[in-house]
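Numbering-wise (the numbering used here), the sequence shown opens with residue 16 and increments by one. Note that CB positions come from ideal geometry on N, CA and C, so glycine has one too.
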Amino acid sequence: MSIVVVAAVIVSDGRVLAAQRAEPPALAGGWEFPGGKVDPGEGEEEALVRECREELGVEISVGRRVGGDWPLSPGYVMRVWLATLEAGTPVAKEHLALRWLGPEEYFSVDWLGADLPVMEAVADLLGQD
């Protein structure tokens, strides 16, 4: 059974929030969608809300799921949802930086290998290519 990691594609005015990894060293500097591991006994969407609260200091509303299971390192799988901000302004509590990317900037950051295909799917969903 794979360990589930959840990620939020937070969308605001056609822009998506990208977060730059601080750790581990092998991933530091790469860009990803915020999220994290689902704790035992915790629902996936519940984990997503908690992770955004912890990592970004915001409350989100979870929307539709993006794709199925996205492969990560062996033994891990990522599940992704679109989300909207309900309260707060995102702050990089655990990341090096945050950036709002408009449609023309979706691919202007160095996405981590697991997150790049998600961004491609999201760009299609939001009507961009």
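A Cβ-Cβ separation of about 5 Å places glutamate 60 in contact with valine 77 under the 8 Å criterion. Around valine 53, the same chain offers Val19, Val21, Glu59, Ala62 as residues with beta carbons nearer than 7 Å, after the five sequence neighbours per side are excluded. For proline 118, the closest of Val31, Ile25, Glu38 by C-alpha to C-alpha distance is Val31. If you look at proline 40, you'll find it isn't in any beta strand (DSSP E); DSSP assigns it neither H nor E. Minimum Cα-Cα distance from glutamate 74 among the listed residues Lys108, Glu101, Tyr121, Ala34 corresponds to Glu101. The beta carbon of tryptophan 126 lies closer than 6 Å to those of Trp46, Met134 in the same chain, with the five residues before and after it left out. Taking 3 residues as the shortest admissible run, the segment 26-90 contains the following complete beta strand (DSSP E) segments, listed from N- to C-terminal end: 30-36, 50-52, 74-86. Leucine 97 is positioned such that its CB atom lies no closer than 8 Å to that of proline 105.
If you look at alanine 136, you'll find it in the alpha helix (DSSP H) that goes 131-140.
Distance between tryptophan 85 and glycine 128, taken at the CA atoms: about 11 Å.
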